[in-house]
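Chains as they are written, first to last, in the working numbering: chain A, 1 to 321; chain B, 322 to 653.
All C-beta atoms in this analysis are idealised placements derived from N, C-alpha and C, irrespective of residue type, glycine included.
First the structure, in the form of structure tokens, and then the observations on it.
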């Protein structure tokens with residue numbers, strides 16, 4: 001793993017961070033409306049896992065998926081335009097922040113029903129299996145999804161049929177405002193996966209290298225026919241659940257403790273200490289990312305509204321396939 | 322009356338459906354059947370009997386009792402390029418998969434701005450009439466008809482049982498096929514050389530001029546029997562089989578109303594906020610001046626379906642009720 005690669009990981013996390021900081025501002029400015037769920041604090045998870053995937057693999061994500069989308073390679077302008085609701089958005093503006101989709105990168109949402117993406121991921125993997133393709137489907141979900149029946153049904157089905165699914169549980173400790181130990185009788189999530197005879201590892205989700213290493217090992221095994229794997233990625237959401245959340249359920253001290261483990265800052269400091277990053281390189285990276293975010297916002301601003309006459313499109317397909 | 326040029330054969334609804342699935346599997350490698358007990362058991366209603374032996378466990382895929390997971394897996398497989406036929410044993414159990422059907426299958430095309438269509442076929446048995454009590458007797462197809470993004474069809478004849486499936490499989494979007502459990506043993510004739518039928522239009526199953534009996538699915542045989550009985554009284558009843566609950570063939574509906582000026586709607590669902598209410602509303606909105614009498618609805622009583630035979634029969638639409646309603650509208 002050379003320096004260039006490590007700088008790519010850093011840049012990937014920085015891009016998500018700066019993009020979302022701008023999203024928060026744009027929300028205050030009422031450019032972005034509805035629900036906006038920020039991923040800030042969890043960047044190492046998306047960046048680490050996506051790096052382990054190939055272009056032909058499939059990704060199913062949650063409603064807190066800006067990070068997954070950017071790390072998967074969706075165009076930041078198309079993502080920003082989607083948040084604006086413009087027709088140049090990656091979902092034509094119909095989805096918004098929670099429903100980012102992209103056929104080119106096999107990015108299947110943007111699912112805002114907790115647990116709802118897991119069965120879909122199982123089916124994508126089944127299609128790969130039945131078609132003789134060696135693809136892997138990575139599905140992201142929070143620890144809150146573990147309480148859903150769909151989680152258990154999907155885990156069982158994937159394991160029973162030995163399907164190439166990588167289950168990525170982003171354990172940020174809170175399902176909206178409900179702490180894990182207030183919702184689960186068994187809080188060791190890997191045990192639940194193990195009960196389905198699935199290899200399950202818990203990973204420091206604040207350490208991008210640890211995430212990448214675990215994801216690479218898991219993806220390799222899944223692709224080689226080792227059946228589904230489960231990663232519990234221990235992370236933390238620095239911002240509120242959504243823009244409406246007064247954060248009554250967690251203490252400032254707890255948030256501060258986790259902020260001290262900021263995946264972006266800690267990785268940056270590590271690279272500096274190792275001599276892999278100097279001030280000039282960092283400044284250039286910041287400038288590059290700032291320009292990308294500016295471009296994304298400009299693209300969204302310049303975007304157009306879908307004509308109202310097109311309202312009833314996309315209910316049924318317009319062409320037979 | 323035999324037309325020597327047209328070879329026909331007698332077939333049950335169950336056999337017609339099985340043949341449709343079998344031919345689809347033969348025709349297209351992307352097609353597979355998945356659901357509870359579709360394989361070794363042969364299908365809860367024996368529709369898929371023998372298919373496991375012919376096509377193997379990859380294509381006749383027994384699932385755990387995980388309706389949300391295997392319906393969702395059908396959605397994912399469709400997104401991944403397959404053409405799954407997912408059998409949900411009955412509409413009653415489909416409630417466990419409502420999230421996948423309503424929140425995923427019906428919405429992905431729209432939420433993705435047209436990028437991800439879902440060519441999925443879901444089949445399920447529906448309806449009451451076999452003394453299997455309240456939790457196995459729902460008629461909830463009207464619920465599914467409420468959802469934009471789904472297509473909902475209700476084959477009531479052997480021809481539709483045989484020929485709706487290939488059209489559904491060729492459709493780029495999710496299609497739900499409701500098979501009334503009371504129809505599986507019904508017999509009909511099919512031409513030797515049939516062809517796929519559309520999923521959008523209603524059909525007149527019996528021509529008539531005095532009154533229209535509008536129905537679909539498992540109530541079609543009852544409407545036909547009622548028309549027969551009315552004919553003995555000199556009342557000419559037209560029977561319209563809607564076939565599709567989404568889209569609704571409003572033109573055919575208005576046309577029969579305009580021709581007879583009286584209508585009885587027969588629906589095994591409940592009246593309140595039910596599918597029959599939608600049909601009534603369309604007539605009222607667009608053809609009220611054509612009516613010579615109020616719209617009449619024969620639906621299930623507003624009660625869970627009871628177990629004892631006499632109470633179940635009392636709860637469900639019956640031929641004599643349809644006949645009585647028709648006579649009343651005509652003033653006879």
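Going by C-alpha positions, residue 597 of chain B is about 25 angstroms away from residue 424 of chain B.
For residue 206 of chain A, the secondary structure class from DSSP, reduced to helix, strand or coil, is coil. Shown in chain order are the members of the segment 107-130 of chain A whose Cβ falls below 9 angstroms from a Cβ of chain B: 108, 109, 110, 111, 112, 113, 115, 116, 117, 118, 119, 120, 121, 122, 123, 124, 125, 126, 127, 128, 129 and 130.
For residue 432 of chain B, the enclosing alpha helix (DSSP H) covers residues 429-432. Boundaries of the alpha helix (DSSP H) around residue 48 of chain A: 43-50. Rounded to whole angstroms, residue 431 of chain B and residue 239 of chain A show a C-alpha spacing of 30 angstroms. Put simply, the backbone Cα of residue 440 of chain B is about 45 angstroms away from that of residue 255 of chain A. For the pair residue 409 of chain B and residue 388 of chain B, the CB atoms are nearer than the 8 angstroms cut-off.
A direct Cα-Cα distance of roughly 59 angstroms separates residue 58 of chain A from residue 650 of chain B.
For residue 620 of chain B, the three-state secondary structure derived from DSSP is strand.
Taking 8 angstroms as the cut-off, the Cβ atoms of residue 67 of chain A and residue 52 of chain A do not count as close. In the assembly as shown, residue 182 of chain A is an exposed residue. Its beta-carbon has fewer than 16 other beta-carbons within 10 Å. Under the 8 angstroms criterion on CB atoms, residue 301 of chain A is classed as non-interfacial with respect to chain B. By the CB criterion at 8 angstroms, residue 513 of chain B and residue 565 of chain B fall outside the cutoff.
Burial is judged here by how many other beta carbons sit within 10 angstroms of a residue's own beta carbon; residue 628 of chain B has fewer than 16 and is exposed. For residue 231 of chain A, no alpha helix (DSSP H) segment is defined; the enclosing uninterrupted segment is the beta strand (DSSP E) at 229-234. For residue 302 of chain A, the closest of A:7, A:86, A:101 and A:13 by C-alpha to C-alpha distance is A:86.
In this structure, the CA atom of residue 23 of chain A is about 14 angstroms from the CA atom of residue 78 of chain A.
In the pairwise beta carbon analysis, the segment 434-452 of chain B is classified as not touching the segment 142-150 of chain A: fewer than three pairs are separated by under 8 angstroms. In this chain, the alpha helix (DSSP H) harbouring residue 651 of chain B covers 640-651. DSSP, reduced to helix, strand and coil, places residue 545 of chain B within a helical segment of the structure shown. Out of B:645, B:632 and B:340, the CA that lies nearest to the CA of residue 550 of chain B is found in B:645.
Against chain B, a Cβ distance below 9 angstroms from residue 101 of chain A picks out 429, 432, 433, 434, 436 and 437.
Here the segment 165-173 of chain A makes no contact with the segment 91-98 of chain A; the two share fewer than three CB pairs at distances below 8 angstroms. As the crow flies, the alpha-carbon of residue 37 of chain A is around 22 angstroms from that of residue 121 of chain A. The three-state secondary structure of residue 119 of chain A, taken from DSSP, is helix.
Under the Cβ distance rule, residue 72 of chain A does not count among the residues neighbouring chain B, no pair being separated by less than 8 angstroms. For residue 402 of chain B, the nearest beta carbon of chain A is closer than 8 angstroms to its own beta carbon. Excluding the 5 residues flanking it on each side, residue 478 of chain B has same chain C-beta neighbours closer than 7 angstroms at 509, in chain order. The beta carbon of residue 316 of chain A sits closer than 8 angstroms to some beta carbon of chain B. If only complete runs of 3 or more residues are kept, the segment 367-454 of chain B shows the beta strand (DSSP E) at 381-383, 404-411 and 442-447, in order along the chain. By alpha-carbon distance to residue 472 of chain B, the top candidate from B:499, B:364 and B:405 is B:499. In the structure shown, the three-state DSSP call for residue 23 of chain A is helix. Close to residue 91 of chain A, with beta-carbon spacing below 8 angstroms, are these residues of chain B in chain order: 432, 433, 434 and 436. Look at residue 171 of chain A here: in three-state DSSP terms it is strand. Counting only residues of its own chain and dropping the five nearest sequence neighbours on each side, residue 224 of chain A has no CB closer than 8 angstroms to any other CB.
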